[in-house]
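Going by the numbering used here, the letters in the sequence shown line up with residues 370 to 924, in that order. Using N, Cα and C, we set each Cβ at its ideal position, and we do this for glycine too. Only a predicted model underlies this, so the values are computations on that prediction, with no experimental measurement involved.
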Amino acid sequence: MSLTNDYNKVSVLIIGGGPAGLSAAIKLKLLKPDIDVCVIEKAEKCGNHNLSGASLEPQPLFGLLDEAAPGWQKNEQAKQVFANKVEKSDLLFLLGRKLAFHISPIVKLAKLLRLGIGQMIHTGDYSVSVSMLTAYLGQIAAGLGAEILTGFAAEDIILDNNGMTVGVKLVDQGLDKNGNKQPNYVPGEIINTDFVILAEGCDGLVTEKFIEKAQLQRQSPQLFSVGVKQLIKVSPEQYEKFTAGRIVKAMGYPIWTPVIGPAIFGGGIIYPQEPDYLAVGMIAGADWKYYNFNPQDALTLFKEHRFVKKFIEGGTIVEAGAKLIPEGGLFAVPKDPQNGNIGKNNCLVIGDSAGFVNMLKIKGLHNAIDSAISAAKAIADNLSSPKNAADVYTQLINSSNIAAEMASAKKFRQTVAKIGPLFGLPISILSRLLPKFKIEPDYKAMKKAAYRLKPNQDFDKQTFTAMAATAHREDQPSHLSILDTNICAEKCTPTFDSPCITFCPAGVYETIEGRIEPANPSNCLHCKTCQRKCPFDNIRWTAPEGSGGPKYKKM
Ligand SMILES: Cc1cc2nc3c(=O)[nH]c(=O)nc-3n(C[C@H](O)[C@H](O)[C@H](O)COP(=O)(O)OP(=O)(O)OC[C@H]3O[C@@H](n4cnc5c(N)ncnc54)[C@H](O)[C@@H]3O)c2cc1C
Ligand code: SF4
Ligand code: SF4
Numbered sequence: 370m371s372l373t374n375d376y377n378k379v380s381v382l383i384i385g386g387g388p389a390g391l392s393a394a395i396k397l398k399l400l401k402p403d404i405d406v407c408v409i410e411k412a413e414k415c416g417n418h419n420l421s422g423a424s425l426e427p428q429p430l431f432g433l434l435d436e437a438a439p440g441w442q443k444n445e446q447a448k449q450v451f452a453n454k455v456e457k458s459d460l461l462f463l464l465g466r467k468l469a470f471h472i473s474p475i476v477k478l479a480k481l482l483r484l485g486i487g488q489m490i491h492t493g494d495y496s497v498s499v500s501m502l503t504a505y506l507g508q509i510a511a512g513l514g515a516e517i518l519t520g521f522a523a524e525d526i527i528l529d530n531n532g533m534t535v536g537v538k539l540v541d542q543g544l545d546k547n548g549n550k551q552p553n554y555v556p557g558e559i560i561n562t563d564f565v566i567l568a569e570g571c572d573g574l575v576t577e578k579f580i581e582k583a584q585l586q587r588q589s590p591q592l593f594s595v596g597v598k599q600l601i602k603v604s605p606e607q608y609e610k611f612t613a614g615r616i617v618k619a620m621g622y623p624i625w626t627p628v629i630g631p632a633i634f635g636g637g638i639i640y641p642q643e644p645d646y647l648a649v650g651m652i653a654g655a656d657w658k659y660y661n662f663n664p665q666d667a668l669t670l671f672k673e674h675r676f677v678k679k680f681i682e683g684g685t686i687v688e689a690g691a692k693l694i695p696e697g698g699l700f701a702v703p704k705d706p707q708n709g710n711i712g713k714n715n716c717l718v719i720g721d722s723a724g725f726v727n728m729l730k731i732k733g734l735h736n737a738i739d740s741a742i743s744a745a746k747a748i749a750d751n752l753s754s755p756k757n758a759a760d761v762y763t764q765l766i767n768s769s770n771i772a773a774e775m776a777s778a779k780k781f782r783q784t785v786a787k788i789g790p791l792f793g794l795p796i797s798i799l800s801r802l803l804p805k806f807k808i809e810p811d812y813k814a815m816k817k818a819a820y821r822l823k824p825n826q827d828f829d830k831q832t833f834t835a836m837a838a839t840a841h842r843e844d845q846p847s848h849l850s851i852l853d854t855n856i857c858a859e860k861c862t863p864t865f866d867s868p869c870i871t872f873c874p875a876g877v878y879e880t881i882e883g884r885i886e887p888a889n890p891s892n893c894l895h896c897k898t899c900q901r902k903c904p905f906d907n908i909r910w911t912a913p914e915g916s917g918g919p920k921y922k923k924m
């Protein structure tokens, strides 16, 4: 597929059509209807690559919808997206396979005392499918005149000698496995632009290149969690028993059992979606040390827990997928060391690409949308002085709710990473008094330690991948590369038993004739776990041709 219109030059180019990118497009078209705004999205359709919990804090989004689509509450699509208002927010501690303790009263007390962990209560939110939300936002953005180019992936960013971003290069299409041009070869266009907004979500390919080229820095390395999720159709009785207005977050078993271990940050989630569908997920801090740990096994164990099982037993899995969450918080936001800007000149970094996830809430959607609105305002106010956009954007962020809540959570994840969940979680209550711990990237955490819990049944990765409906054109260069296979053979396999084979949720890595290879790249879910969890930092994920990857509809 090639670009049919002339996109040689646009005013604003947004990389990534997720909630952040599309909100930026909507706000820009509201503020400046006459400028051309173009969104590049690698999924075949808006929403296909978006996976989340998601408990959505509605304020920034509803404000945007009021402006962009007055009366939106009556729209059938909106009614479906926002059908589940959260009236009950349960936080549990699971001990072993059977016991569940409600710890919401402690968290409510913490909220009254204005302690950080009080943020874990989510009443007033909406339990949404982020794929459906993204599809809805895509329609609004397109209706306002933004060009949403789905099925195109960006791979590089071009800066001039003055540090101004001048364009973005798209991925070539029509190469065969060996990189030879096929008859349908189309070189990836370079789109020139006055402004770029990087909204690629977590661990963005172009964003990381921009950070390097523009010499932005993080005070602390980004930390990640791996989220795996299944959408399960349950019986009307089970759905009613769970209730449509309740969300459950559960710490403890199977990833954390105080003192006797295991000790992994994170936990399970159960969120209701449309009638008779429950989303069940496991979020595991990627600083796990167990060489044989697979978050999917933990999800299976969570589903087998007595508290969870009653709601889903006998249900049918209708969708499944995996994605990373950026968890490093404020210390991991990439900034210009000269002036603290979250971007440079005319290029702004927003949403998960900037790392605006509040780990006390495990929520980033509201901040992604809020940061998008700020980016749009900064650009709209500086159309004739593009160099100033990053300055203005950063000032808006610094005086926003994003900065305030990110500041309240800024030492939480680092403390847990440094000390572990047993002491890290309680000590993090004192976060303001704590020092800033020096932490290592997640991949360095792996040890020879074994995760010993085993689900009753081996996790079926093939079915999981089929439920994500993931596919890529087979005859294209692999978008996954192992930098040095000698490291696999000489260091990793003898020490850690090639953990990529275990932790990749899609079974992409295999041993073929004694060598570890990304043998099934077309199964890839674009979660990027391998790039961040290979213990020797030996894997690189690049963007495949547009349209490849999962086809989430209700994740
Ligand atoms: C399991 C899980 C549970 C979560 N739970 C919650 C929750 O309960 N509440 C909450 O608020 N948040 C939650 N989050 C976080 C939330 O999903 C994110 O903060 C939010 O989706 C960020 O939006 P975004 O637009 O910045 O990024 P994304 O939603 O990741 O969107 C980025 C888009 O960019 C596209 N893209 C990326 N690279 C390229 C490229 N090179 N070229 C073209 N397109 C590209 C992607 O395909 C994608 O569509 C959760 C996340 C996960 C994974
Ligand atoms: S790619 Fe990474 S995780 Fe896989 S075997 Fe090689 S070094 Fe180990
Ligand atoms: S190959 Fe890497 S990015 Fe793809 S599904 Fe596996 S872990 Fe995720």
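With a cut-off of 7 Å, the C-beta of LEU399 is classified as distant from ligand 3, since no heavy atom of the ligand falls inside that distance.
VAL575 and ALA523 have their C-alpha atoms spaced approximately 7 Å apart. Sorted by chain position, residues whose beta-carbon lies closer than 5 Å to a non-hydrogen atom of ligand 3 are CYS873, ALA875, VAL877, CYS893, LEU894, CYS896, LYS897, THR898 and CYS899.
For SER768, the shortest C-beta to heavy atom distance toward ligand 1 is 7 Å or greater.
Runs of the beta strand (DSSP E) lying entirely within the segment 527-580 and spanning at least 3 residues, in chain order: 534-539, 542-544, 550-555 and 559-567. Proximity to ALA758 across ALA648, SER768, ASN770 and SER743 peaks at SER743, based on C-alpha coordinates.
Approximately 5 Å separates the beta-carbon atoms of SER594 and GLY654; this is inside 8 Å, confirming the contact.
The Cβ-Cβ distance between GLU673 and ARG466 falls below 8 Å. By the criterion of a C-beta distance shorter than 7 Å, LEU765 is surrounded in its chain by SER743, LYS746 and ALA747, once the five residues flanking it on both sides are discounted. For SER424, the closest of ASN417, GLU456 and GLU436 by C-alpha to C-alpha distance is GLU456. Taking 8 Å as the upper bound for CB-CB distance, ASN549 and THR871 are not in contact here, some 34 Å apart. In this structure, LEU670 sits near LEU822, with a CB-CB distance shorter than 8 Å. Leaving aside the five residues that flank ALA819 on each side, the residues in its chain whose CB is nearer than 8 Å to its CB run, in chain order, TYR659, TYR660 and ASN661. Excluding the 5 residues flanking it on each side, PRO904 has same chain C-beta neighbours closer than 7 Å at TYR812, MET815, CYS861, PHE865 and PRO868, in chain order. Remark: C-beta atoms of PRO552 and PRO810 do not approach each other more closely than 8 Å. The alpha carbon of ASN663 has as its nearest neighbour, out of GLU682, LYS618 and ILE624, the alpha carbon of ILE624. A direct Cα-to-Cα measurement between ALA837 and LEU894 gives close to 8 Å. Here DSSP, grouped into helix, strand and coil, assigns MET924 to coil. Taking C-beta atoms as the reference points, VAL565 and PRO388 fail to come closer than 8 Å.
Taken atom to atom, the span from the alpha-carbon of GLY789 to that of GLY630 is near 11 Å. Put simply, the backbone Cα of PHE451 is about 36 Å away from that of LYS713. In this structure GLN586 touches LYS704 by the C-beta definition: roughly 6 Å separates them, less than 8 Å. When DSSP states are grouped into helix, strand and coil, GLN588 belongs to the coil group. Of the residues SER753, TRP657 and ILE384, the one whose Cα lies closest to the Cα of LYS578 is ILE384. Each of ALA689, VAL476 and VAL540 was checked against the Cα of ASN419, and the nearest Cα belongs to ALA689. Approximately 5 Å separates the beta-carbon atoms of GLY596 and LYS692; this is inside 8 Å, confirming the contact.
For LYS780, the secondary structure class from DSSP, reduced to helix, strand or coil, is coil. Between the alpha carbons of ALA701 and GLY683 lies a distance of about 42 Å.
The residues PHE700, in chain order, have a CB closer than 7 Å to that of GLN588 in the same chain once the five nearest residues on each side in sequence are set aside. The beta carbon of THR763 is closer than 6 Å to those of ASN710 and ILE711 in its chain, skipping five residues each way along the sequence. Collapsing the DSSP output to three states places HIS735 in a helix.
Pairing LEU544 with GLN845, the inter-Cα distance amounts to about 5 Å. CA-to-CA, the gap between PRO644 and GLY614 works out to about 11 Å. One thing to note: ILE652 has its Cβ within 8 Å of the Cβ of ILE694.
When C-beta atoms of the segment 480-497 are compared with those of the segment 874-884, fewer than three pairs fall below 8 Å, so the two segments do not count as touching.
The segment 719-731 and the segment 500-518 do not touch, with fewer than 3 CB-CB distances between them shorter than 8 Å.
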